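Letter 13 of the sequence shown, counting from 1, is numbered 13 in the UniProt record's numbering, and no numbers are missing. Yeah, the Cβ is synthetic: ideal placement off N, Cα and C, and Gly gets one too. Since this is a predicted model, take the numbers as computed values, not measurements. Just below is one structure, and these are the notes that go with it.
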Amino acid sequence: MAPLATSARFIRTEMVDVLGSDYIELARAKGLSKREVIWKHAMRNSLIPLVTLIGPMAVNLFAGIGLGSAAAVRRNTKTDTILSIIAVLGISIPSFVFAALLQYWVGLKLDWLPIAGWKGFSSTILPSQQKMIEAQYGLDKPIFIQYVTYLWDALHFDFGVSFQFANQEVSTLIAQRMGPSAQLGIQALIFGVLFN
């Protein structure tokens with residue numbers, strides 16, 4: 001029940017945020033019905049966090065429960081230790097690799113990636129510009145090649161160039177924000193230990 005409540009909270013929060021966007025106001029000003037505004041314009045963008053949640057939840061559901069149950073039946077044995085190791089690897093590896101691939105695939109299929117879709121965005125640039133951008137970022141290659149390239153670059157801490165922050169390196173942006181994030185994480189850990 002908790003994952004369902006968490007998912008509902010994320011969807012609601014994102015929907016409230018999306019409904020305050022300029023393009024929603026424009027859709028309302030064009031005279032579209034409330035139903036059309038919500039289902040055709042707001043819902044697509046507000047479901048993006050849900051896809052981010054569903055990927056790891058699906059992996060945990062299929063990989064973790066069976067192995068965890070088998071380990072619980074054979075407690076404090078060699079089998080328990082082996083199954084615990086397999087369970088940890090069966091959760092972490094699929095969560096980081098397969099869940100990310102699932103999210104990327106869903107993003108492509110539902111046109112949530114900037115170059116692949118967002119009907120308003122793709123209609124604001126010329127097809128030749130779109131092909132140039134796809135070639136620049138490697139989006140013209142097969143999805144498997146894109147994903148292997150992403151994993152290889154991530155292994156070397158090369159996260160590419162930011163779309164949002166004027167072509168700055170993403171690794172530089174992460175490094176700049178690491179200090180405050182670590183401080184907040186440590187404070188939350190201390191607070192959790194003291195008041196738990």
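Burial state of Ala5 (16 or more Cβ within 10 Å): exposed
Option in Ser33, Leu61, Gly107, Glu169 with minimal Cα separation from Thr52: For the options Ser33, Leu61, Gly107, Glu169, the alpha carbon positioned closest to that of Thr52 is the one of Gly107.
Opening and closing residue of the alpha helix (DSSP H) in which Gln183 lies: 170-194
Cβ neighbours of Arg28 in the same chain (closer than 7 angstroms, five flanking residues each side left out): Val37
Val148 - containing alpha helix (DSSP H), residue span: 143-155
Cβ contact check for the segment 39-46 and the segment 10-29: 3 or more pairs under 8 angstroms: yes
Per-residue burial, Leu184 [other beta carbons within 10 Å of its own, 16 or more giving buried]: exposed
Straight-line Cα distance separating Ile82 from Val97: 22 angstroms
Exposed unless 16 or more other CB atoms sit within 10 angstroms - verdict on His41: buried
CA-to-CA distance, Ala100 to Leu173, given in whole angstroms: 21 angstroms
Beta-carbon proximity list for Ala135, same chain, < 8 angstroms, skipping 5 on both sides: Cβ within range, chain order: n/a, list empty.
Rounded C-alpha distance that separates Asp80 from Gly192: 30 angstroms
Val170 vs Val161 beta-carbon contact at 8 angstroms: Taking a C-beta distance under 8 angstroms as the contact criterion, Val170 and Val161 qualify as a contact pair.
Residue range of the alpha helix (DSSP H) that includes Asn45: 43-46
Contacting residues, own chain, Cβ-Cβ under 8 angstroms from Phe159 (five flanking each side not counted): Asp153, Glu169, Val170, Ser171, Ile174
Beta-carbon spacing of Gln129, Gly138 below 8 angstroms: no
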